[in-house]
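Numbering (the UniProt record's numbering), first residue to last: 1 to 497. Glycine included, every Cβ here is placed at the ideal spot set by N, Cα and C. This one's a predicted model, so the numbers in the text were calculated from it and none came from an experiment.
Set out below in structure tokens:
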């Protein structure tokens with residue numbers, strides 16, 4: 001009898017708690033248990049699947065709670081643009097919340113990706129734009145470096161003689177070299193490349209959104225002998241190793257007037273500030289965070305996307321043929337593809353846009369934070385709430401895309417075979433890099449690298465299945481989870497044209 005009464009009391013409290021919560025925030029969403037919220041309804045390794053399922057049930061804005069954390073999930077491209085790019089909303093919804101990763105991995109300074117919105121963030125962001133050199137003369141400088149690196153990559157692949165190979169280590173080393181040149185002025189050796197990828201892989205495991213949400217709600221788990229705790233400790237160790245090499249060693253060997261790369265340029269800027277007596281904003285902590293930002297955002301995203309799109313193209317050889325024909329027509333075979341060719345290669349651009357949509361390798365981006373109470377589409381979003389951009393659902397909504405699980409680059413072309421203009425509904429519905437003041441700083445750099453790598457490989461090589469004749473599924477719903485989705489390991493063959 002006592003057990004029955006306890007059950008009745010618990011159910012009553014649960015119903016009352018859910019009702020009070022819904023009335024207060026007037027936003028639909030999954031039911032919540034006291035203390036744990038909707039924790040037990042989440043797909044722990046694929047949070048984007050849970051958000052997608054709930055978006056279909058509750059609509060483009062929904063509220064879910066985990067412990068005391070309120071998570072508002074926005075799944076519509078229109079509302080994503082409204083919340084984070086439209087004046088009146090963007091002023092209060094573009095902060096960063098106090099996430100577990102920001103607090104325990106980024107440390108004293110949050111850098112550009114995790115930094116709080118304000119004057120220091122704006123100054124850091126401008127410094128990163130300048131450092132990435134993707135405007136003006138910097139474009140030519142980047143392209144020259146990329147072409148040299150691609151020469152090495154294509155030679156390494158040619159030396160295989162058409163044998164089956166795993167593209168991951170080739171892309172990993174090549175992209176690490178590009179980041180090494182940017183940060184230090186020279187390519188990295190094998191040990192440093194391993195160090196970079198060890199850190200990146202640990203970050204990908206730790207910042208997978210369901211892991212982040214769990215550790216934020218229950219931070220004591222970082223000390224426990226469980227997988228979440230082990231992920232945290234692995235990331236901390238690899239962070240210390242990374243900064244020992246790319247911050248402390250570089251600071252010890254920095255010689256003013258002989259800057260070797262972006263890291264030294266930051267040390268120079270820091271010393272100039274000290275010399276004129278300005279209040280220092282570029283601290284050692286900020287430089288460390290700067291290095292972490294570039295290594296995290298500048299490598300893993302591009303490698304994972306290239307691995308994904310190469311797999312997709314192995315399944316869609318007709319796309320490779322059309323891209324090759326466009327390359328021959330616009331570029332020819334005597335010179336390497338250039339970024340200047342991009343505006344005249346609509347089909348290649350359409351393939352890249354469609355891959356960004358279809359794959360959506362970053363299904364949920366870094367959460368935003370509400371700086372003030374705001375009402376969005378009639379829903380109350382209180383100050384301090386987390387807001388998640390659910391790109392996965394936005395990019396696979398049948399109401400927008402018609403056949404979202406079909407890889408069809410022509411959807412981004414008009415009847416004349418030209419690329420749809422940026423203001424077209426479909427182009428506006430592509431939100432891979434976020435929106436508004438927090439749009440990805442490295443968007444131009446990422447798109448430029450993707451274009452140069454893809455066009456160079458297609459110009460030089462035939463894309464073939466491995467001799468076994470099969471590769472894994474290219475359906476992103478089958479990809480491995482993490483902060484970034486990635487395909488299962490696969491082999492391929494590239495033979496010289």
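Status (buried if at least 16 other CB within 10 Å, exposed otherwise) for residue i
| i | result |
| --- | --- |
| residue 321 | exposed |
| residue 489 | exposed |
| residue 433 | buried |
| residue 258 | exposed |
| residue 531 | Since the first and last residues shown for the chain are 1 and 497, residue 531 lies out of range. |
| residue 317 | exposed |
| residue 369 | buried |
| residue 438 | buried |
| residue 476 | buried |
| residue 224 | exposed |
| residue 498 | The shown model of the chain, from 1 to 497, leaves out residue 498, and the question about it has no answer. |
| residue 193 | buried |
| residue 190 | exposed |
| residue 474 | buried |
| residue 75 | buried |
Bridge partners - residue i, DSSP secondary structure assignment
| i | result |
| --- | --- |
| residue 496 | 461 |
| residue 386 | 71, 369 |
| residue 379 | 376 |
| residue 95 | 369 |
| residue 486 | 480 |
| residue 364 | 390 |
| residue 33 | 37 |
| residue 413 | 419 |
Per-residue DSSP class, three states only, for residue i
| i | result |
| --- | --- |
| residue 441 | coil |
| residue 430 | coil |
| residue 82 | helix |
| residue 157 | helix |
| residue 40 | helix |
| residue 113 | coil |
| residue 233 | helix |
| residue 65 | strand |
| residue 498 | The structure shown has nothing for residue 498, since the chain only spans 1 to 497. |
| residue 165 | strand |
| residue 187 | coil |
| residue 335 | coil |
| residue 181 | helix |
| residue 281 | coil |
| residue 419 | strand |
| residue 435 | coil |
| residue 470 | coil |
| residue 499 | For residue 499 there is no data in the structure shown, the boundaries of the chain being 1 and 497. |
| residue 144 | helix |
| residue 27 | coil |
| residue 60 | coil |
6 Å CB neighbourhood of residue i in its chain, flanking five on each side removed
| i | result |
| --- | --- |
| residue 240 | none |
| residue 261 | 183, 184, 185 |
| residue 199 | 238, 242 |
| residue 79 | 60 |
| residue 381 | 72, 370, 374 |
| residue 494 | 157, 461 |
| residue 361 | 304, 305, 308, 484, 485 |
| residue 81 | 435 |
Beta-carbon contacts of residue i that lie in its chain and below 7 Å, excluding the five residues immediately before and after
| i | result |
| --- | --- |
| residue 363 | 48, 391, 392, 485 |
| residue 357 | 395, 430 |
| residue 303 | 171, 172, 175 |
| residue 500 | Since the first residue of the chain shown is 1 and the last is 497, residue 500 is not available in this structure. |
| residue 323 | 347, 348, 351, 458 |
| residue 44 | 210 |
| residue 520 | The structure shown does not extend to residue 520, since the chain is modelled only from 1 to 497, so the question has no answer here. |
| residue 446 | 301, 302 |
| residue 505 | Outside the shown range of the chain, which is 1 to 497, sits residue 505, and nothing can be said about it. |
| residue 254 | 264, 267 |
| residue 314 | 463, 465, 471, 492 |
| residue 30 | 38, 41, 54, 64 |
| residue 187 | 177, 180, 181 |
Residues of its chain near residue i, where Cβ-Cβ distance is below 8 Å and the 5 sequence neighbours each way are ignored
| i | result |
| --- | --- |
| residue 307 | 167, 168, 171, 486, 487 |
| residue 67 | 35, 36, 37, 39, 217, 218 |
| residue 69 | 37, 213, 216, 217, 386 |
| residue 291 | 183, 242, 243, 246, 247, 263 |
| residue 46 | 210, 481 |
| residue 208 | 45, 47, 481, 482, 483 |
Under 8 Å: do the stretch 322 to 331 and the stretch 391 to 398 share three or more Cβ pairs, one atom per stretch? no
Evaluate the contact criterion for the stretch 110 to 121 versus the stretch 411 to 431: three or more CB pairs, one atom per stretch, below 8 Å. no
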